[in-house]
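Quick note, in this note's numbering, the sequence shown goes up one by one and the last residue is 506. Note that CB positions come from ideal geometry on N, CA and C, so glycine has one too. Worksheet: the structure to be examined is printed underneath.
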Amino acid sequence: MALLATAWLLPRVSDAASRWLEQDPVRTRAVAVDGIEEGEIPGGLDLTRADERRIERRGTAIVDAGIQFNLLGAFGRERRRGGAPGEAAEVVLRVSADGDGWSPWITLELEPAPREQAEPARPAAAARAEMVSEPVWVGEARFVEFRRSGPVRDLRFSFTNSLGDATLSDRLAGSLRSAVATIAGIGRTGPALAGAAAGPGMPAIVTRQQWGADERWRRAAPLYADVRMAFVHHTASLNTYTAEEAPAVVRAVYSYHARTLGFNDIGYNFLIDRYGVIYEGRHGGMDKGVVGAQVLGFNTGSTGVSVMGHFVDRSPPAAALDSLARLLAWKLGLHGIDPTSPVTMRCGTSDKFKAGQYVTLPAISGHRDANYTTCPGDAFYAALPGVRAAAEGLSGTSRVLRTEALRNFGTRRGRVAVFRFKVVYAAGSSDTQTYTRGGVILKVRDAEGRSRYTKVYREARFNRVLQHSKRLFLRRGTYRYYIYASLPDGTTQQKLGSGRITVR
């Protein structure tokens with residue numbers, strides 16, 4: 003009783019104590035499996051002789067994680083000799099809580115780590131990892147039966163528990179937290195949909211604070227770049243998590259990326275659960291061009307969205323696909339990108355394209371379009387044309403379809419920049435309306451940020467495609483241009499697109 007009374011006072015004097023009450027701890031453990039032989043079974047696991055023979059015939063082994071876990075990943079180093087050309091590195095596995103009942107078999111692909119030079123490996127369990135897998139949510143498990151193949155060595159499994167029941171002491175502490183939180187009137191971490199962020203044209207998104215991100219795990223300030231496209235992923239997880247568990251899935255993915263693999267932060271910019279709930283991913287601003295760690299060679303200039311689940315044989319639920327279309331309609335619309343258009347990207351370094359190679363990709367691409375992987379799964383990949391079409395129809399108030407073109411008129415003192423752009427105004431109905439106070443704004447600033455030109459185009463109609471053109475004399479130098487939609491209230495401005503031009 004004295005312990006409960008003391009704990010009741012803690013939230014009133016300590017933010018740390020309040021966090022202790024509101025959120026379960028995230029435990030992680032890495033286990034090396036290179037030395038485990040085929041047919042090997044951990045001591046204490048009671049299997050029949052028939053089960054042991056089946057394991058031997060399958061060429062598998064069983065490893066004890068040492069904790070109860072919910073999410074696992076695999077990582078290792080590339081074996082550069084002895085593998086067949088193009089051979090995939092993968093681990094086939096299944097999990098069990100007690101060694102008796104087992105999950106379906108899961109295939110984990112190991113790919114080159116998607117970090118780039120701007121995001122080096124930090125001290126972590128996988129600091130020297132060259133090959134990493136997607137994180138897999140498996141529910142409740144303790145044992146893993148597995149078989150590996152392909153050019154990977156120094157293989158390790160990373161086990162993560164984000165539900166607060168990794169060990170007996172965690173389970174006892176969790177019971178205490180629940181009891182004390184009830185007495186103190188503090189709610190435990192949950193989906194928090196009622197407080198999800200939303201802005202003009204923006205779908206509801208659960209923020210990092212709401213899903214329980216531990217900001218101490220972030221390793222560096224975010225990097226930024228103009229967003230030109232989106233990549234879609236799946237986490238290869240079992241599709242059995244509940245709505246209440248979904249925030250814990252996000253926390254576990256965050257832990258795997260930041261604490262195990264040594265990324266600066268969670269790799270994805272957004273995540274979506276199978277119920278259609280959208281979660282903020284990498285820190286830095288949901289409306290900004292935050293560079294993630296999700297597609298090797300193409301992180302700069304893209305935004306990454308992962309739908310939590312395994313979608314090889316079945317497509318994501320309709321709620322998840324609808325949320326994906328709404329999210330990308332908003333996100334790409336902010337940056338003036340047509341969801342159905344092709345874009346040309348310059349590859350940084352990749353297993354599929356040469357460094358420096360220019361590659362044309364759909365504005366909404368699957369992970370497999372840029373790297374050698376099956377992600378986001380065959381069924382999900384087949385659904386992407388529908389996602390593009392849905393995003394096209396949900397593109398919000400306005401979208402830039404084409405931006406500037408620069409023409410040289412041969413003047414001695416400078417050049418004439420010709421800005422040509424189209425804007426489509428979609429009201430979401432067949433009614434044609436006219437902005438009375440709104441329109442489109444073109445702004446041009448020099449390299450020091452000084453305003454050089456502002457033009458407001460007042461005539462703008464919903465459900466019409468309007469083309470604007472402006473010839474502007476500029477002296478030699480570098481300029482940034484911005485295109486905004488001025489909404490009918492006359493005060494709200496939505497950024498449609500931006501770019502840089504150099505007048506020579």
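Apart from the five residues on each side of it in sequence, which residues of its chain come closer than 6 Å, Cβ to Cβ, to residue i?
i	result
T504	T480
F355	C349 and V361
V234	V307, G368 and P378
V446	R454, Y455, Y481 and Y483
Q359	C349
G291	Y226, A227, D228 and V229
T351	G299 and A357
On a CA-only basis, which of the options is nearest residue i? Give me that one, please.
i	options	result
A320	G278, R452, L334 and L329	G278
R81	G45, D448, D156 and W107	D156
T162	F272, F145 and R150	F145
V154	S164, S135, Q70 and G101	S135
H236	R221, S98, R230 and V255	V255
M133	E111, V446 and L474	E111
G166	R150, G141 and V314	G141
T342	G395, G286 and S304	G395
R508	T302, T262 and M231	Since the first and last residues shown for the chain are 3 and 506, residue 508 lies out of range.
L363	V345, V28, R473 and T242	V345
C377	L298, L476 and V446	L298
Y486	N241, V442 and D448	V442
L95	D102, E113, P114 and G75	G75
A245	E113, G451, A322 and I43	A322
I274	N301, S257 and Y243	Y243
W104	G152, E42, G61 and D53	D53
G61	E39, L47, N301 and A232	E39
K333	M347, N301 and F272	F272
S160	N72, P27, D289 and T302	N72
A250	G451, R158 and V208	V208
M347	V314, V309, M310 and N301	N301
R158	V65, R218 and A90	V65
Buried or exposed for residue i, please, with buried defined as at least 16 other CB atoms from any protein chain shown within 10 angstroms of its CB.
i	result
S325	buried
Q296	buried
D371	buried
D353	exposed
W107	exposed
P387	exposed
V458	exposed
R276	buried
A449	exposed
D340	buried
R390	buried
R29	buried
G338	buried
E113	buried
G187	In this predicted model, G187 has a pLDDT of only 43, less than 50, meaning its place in the structure is not dependable; the value taken from the coordinates is given anyway. Flag for G187 reads exposed.
G375	It is Thr, not Gly, that sits at residue 375 in the sequence shown. With 16 or more Cβ atoms within 10 Å of its Cβ, T375 is classed as buried.
F475	exposed
T50	exposed
R253	buried
A215	buried
A222	exposed
Among the residues of its own chain, which have a CB less than 8 Å from the CB of residue i, if the five just before and after it don't count?
i	result
S177	Bear in mind that the predicted position of S177 carries a pLDDT of just 45, short of 50, making it unreliable; the figure below should be weighed with that in mind. Same-chain partners within the cutoff: there are none.
A384	S317
Report the CB separation of residue i from residue j in whole angstroms; it is logged as a contact under 8 Å.
i	j	result
V33	G68	7 Å
V138	S239	5 Å
F148	A63	7 Å
G283	Y270	4 Å
R150	V93	5 Å
I280	L329	6 Å
H312	N241	6 Å
A365	M204	Incorrect: roughly 19 Å between the Cβ atoms, too far for contact.
G101	D36	With 8 Å as the limit, G101 and D36 do not qualify as a contact, their Cβ atoms being about 22 Å apart.
A90	G45	Contact flag wrong, Cβ pair sits at about 33 Å.
Give every residue of the same chain whose Cβ lies closer than 7 Å to the Cβ of residue i, excluding the five residues on either side of it in the sequence, and list them in chain order.
i	result
R316	A381
H285	R210, R220, P224 and D267
T109	E92 and V94
A327	V389, A392, A393 and L396
G41	I57, E58 and A63
Closer than 7 Å: is that where the CB of residue i sits relative to any heavy atom of the ligand FMN?
i	result
N241	Among the components of this structure there are no ligands whatsoever, and the ligand FMN is therefore not found.
Inside the region 328-398 only - alpha helix (DSSP H) runs reaching at least 4 residues: 380-395
Every unbroken alpha helix (DSSP H) inside the region 204-264 [4 residues or more]: 210-213 and 248-257
Segments of 4+ residues assigned as alpha helix (DSSP H) that fall wholly inside the region 261-319: none
Runs of alpha helix (DSSP H) wholly within the region 16-70 (minimum 4 residues, chain order): 17-24 and 51-60
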